[in-house]
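Comments concern the structure below.
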Amino acid sequence: MSTYKLPSDNARKGFLGGTATIAGGTEVLVRTGGFSIRVLPRRFVETFLWLLQITMDLKSIQPGGEGHTSTVRVRLLHATVRNRLLNLMDQDPAYFDEAKYGAPVNMRDAIHATAIFCCMPLFRQLPKIGIHPRPQETEDFLALFRYIAYVMGTPDSFFDGTEQSKATMDSIMMCEPEPTESSKSIGANFVAAVQDYPGINVSKPMIEVGCRVLSGDELGDKMGFSRPGVFYRASFRGWCQLLVVITALQWLSPAFDRALMERSKKFVLVNVFGASILKEGNKFEFTHQPLLNKFTKRETKTDINISRFRPVETIGFVVFLFECLVYTLAFGTLANVLRSNGMVSRTLLNVLG
Numbered sequence: 000m001s002t003y004k005l006p007s008d009n010a011r012k013g014f015l016g017g018t019a020t021i022a023g024g025t026e027v028l029v030r031t032g033g034f035s036i037r038v039l040p041r042r043f044v045e046t047f048l049w050l051l052q053i054t055m056d057l058k059s060i061q062p063g064g065e066g067h068t069s070t071v072r073v074r075l076l077h078a079t080v081r082n083r084l085l086n087l088m089d090q091d092p093a094y095f096d097e098a099k100y101g102a103p104v105n106m107r108d109a110i111h112a113t114a115i116f117c118c119m120p121l122f123r124q125l126p127k128i129g130i131h132p133r134p135q136e137t138e139d140f141l142a143l144f145r146y147i148a149y150v151m152g153t154p155d156s157f158f159d160g161t162e163q164s165k166a167t168m169d170s171i172m173m174c175e176p177e178p179t180e181s182s183k184s185i186g187a188n189f190v191a192a193v194q195d196y197p198g199i200n201v202s203k204p205m206i207e208v209g210c211r212v213l214s215g216d217e218l219g220d221k222m223g224f225s226r227p228g229v230f231y232r233a234s235f236r237g238w239c240q241l242l243v244v245i246t247a248l249q250w251l252s253p254a255f256d257r258a259l260m261e262r263s264k265k266f267v268l269v270n271v272f273g274a275s276i277l278k279e280g281n282k283f284e285f286t287h288q289p290l291l292n293k294f295t296k297r298e299t300k301t302d303i304n305i306s307r308f309r310p311v312e313t314i315g316f317v318v319f320l321f322e323c324l325v326y327t328l329a330f331g332t333l334a335n336v337l338r339s340n341g342m343v344s345r346t347l348l349n350v351l352g
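Numbering follows numbering that gives the first Met the number 0, in which position 60 of the sequence shown is assigned residue number 59; successive positions increment by one, without gaps.
Quick look at the structure:
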């Protein structure tokens, strides 16, 4: 699945759509403080680096590899957070509504989180971009996350093959409640934190239109996202079309695929991680401890470094214009051929009479 590294990263805009529906999970997140705008960039980069590690190669996910080590650390972090929250619930039973959301960091939330990372891109987000992974690639990707679920202590039988994984994803999306106020706060903070992130420089409207396209306008409205204008929708469509072309080239040329993946990983590690908050790697330490009176609210980003050049939007819009030009020339050529053969007039006569 390394072929889909670029489109999968684009599909992460739909991550909010999945996260928003984990009601119990979001209630845990707002109590840890890890989703405030100040610390969200680290959480975002930490998770992104973990995804790179577990999809790097086979050695990385074997015991002792970076991906395996990071996954075990995530499992231990979840256990620590759960234990801390249960202790706080003993002090104040009203601190967390266990009757409504279940125990904090429970198996249902773990299954849902796994589905977000493996099922949502495969069955919803990549197809909406215009990319349809081949059956063997789908099975391989699900096998990877079935193993990741096993390492995390999550029941892996829910991801046993394509049909079972689809059923798991659909069941989760149907049974989870509507986005809560906590979900909306986390969503707003996430968009604000990722906006104009150094090395990427993606605007807020571009992020929101991506969330809407990949997760649907209905959920976007419930989350309180704005409705970006035609320029951003055109840019996102153009960017998706570019990813479709790149993926096709990767299918046709394994050498191009390997070269692109190496350059992409190098770009991310140097430009996104190299001068950022994760020089020491992702240790997944228990730095944001839940407290009785500690809740993450919707925040406003004050130190926005607005970039004059936004490569994603610019490239996407140029590709969209090129796509329009190609369609115009193609239809124009077809019309001229039909007209020269007298087929247009005969077709009109048949339609009219």
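Cβ atoms here follow ideal geometry from the backbone N, Cα and C, with glycine treated the same way.
{"Item": "Could you check if Asp108 is buried or exposed, using at least 16 other CB atoms within 10 Å of its CB as the buried criterion?", "Value": "buried"}
{"Item": "Could you tell me if Ala112 is buried or exposed, where buried requires 16 or more neighbouring beta carbons within 10 angstroms of its beta carbon?", "Value": "buried"}
{"Item": "Can you find the residues in the same chain that come closer than 6 Å, C-beta to C-beta, to Lys221, ignoring five residues on each side of it along the sequence?", "Value": "Pro178"}
{"Item": "Can you have a look at Val229 and say buried or exposed, based on whether 16 or more other CB atoms are within 10 angstroms of its CB?", "Value": "exposed"}
{"Item": "Kindly indicate which three-state DSSP category Arg37 falls into: helix, strand or coil?", "Value": "coil"}
{"Item": "Within the continuous alpha helix (DSSP H) that includes Val29, where are the two ends?", "Value": "Ala22 to Thr31"}
{"Item": "Sort Ala334, Asn292, Thr68 and Lys296 by Cα distance to Leu48 and report the nearest one.", "Value": "Thr68"}
{"Item": "Should Ser252 be labelled buried (16 or more other beta-carbon atoms within 10 Å of its own) or exposed?", "Value": "exposed"}
{"Item": "Rounded to whole angstroms, what's the CA-CA distance from Asn335 to Leu328? Just pull it up for me.", "Value": "10 Å"}
{"Item": "Does His131 come out as helix, strand or coil in the three-state DSSP assignment?", "Value": "coil"}
{"Item": "Can you tell me whether Glu162 is helix, strand or coil according to DSSP?", "Value": "helix"}
{"Item": "Count the other C-beta atoms from every protein chain shown that fall within 10 angstroms of the C-beta of Ser164, then say buried if there are 16 or more, exposed otherwise.", "Value": "buried"}
{"Item": "Using DSSP with H/G/I as helix, E/B as strand and the rest coil, what is Met55?", "Value": "coil"}
{"Item": "My understanding is that Gly23 touches His287, with C-beta atoms under 8 Å, so please give their C-beta distance in whole angstroms.", "Value": "Not a contact, Cβ separation roughly 18 Å."}
{"Item": "For Lys300, does the three-state DSSP call read helix, strand or coil?", "Value": "coil"}
{"Item": "Which word fits Ile330, buried or exposed, when buried means at least 16 other C-beta atoms lie within 10 angstroms of its C-beta?", "Value": "Here residue 330 is Phe; the residue named in the question, Ile, does not match the sequence. Classification for Phe330: exposed."}
{"Item": "Since I believe Arg309 is in contact with Ser202 (beta carbons under 8 Å), could you give me their beta-carbon distance rounded to a whole number of angstroms?", "Value": "6 Å"}
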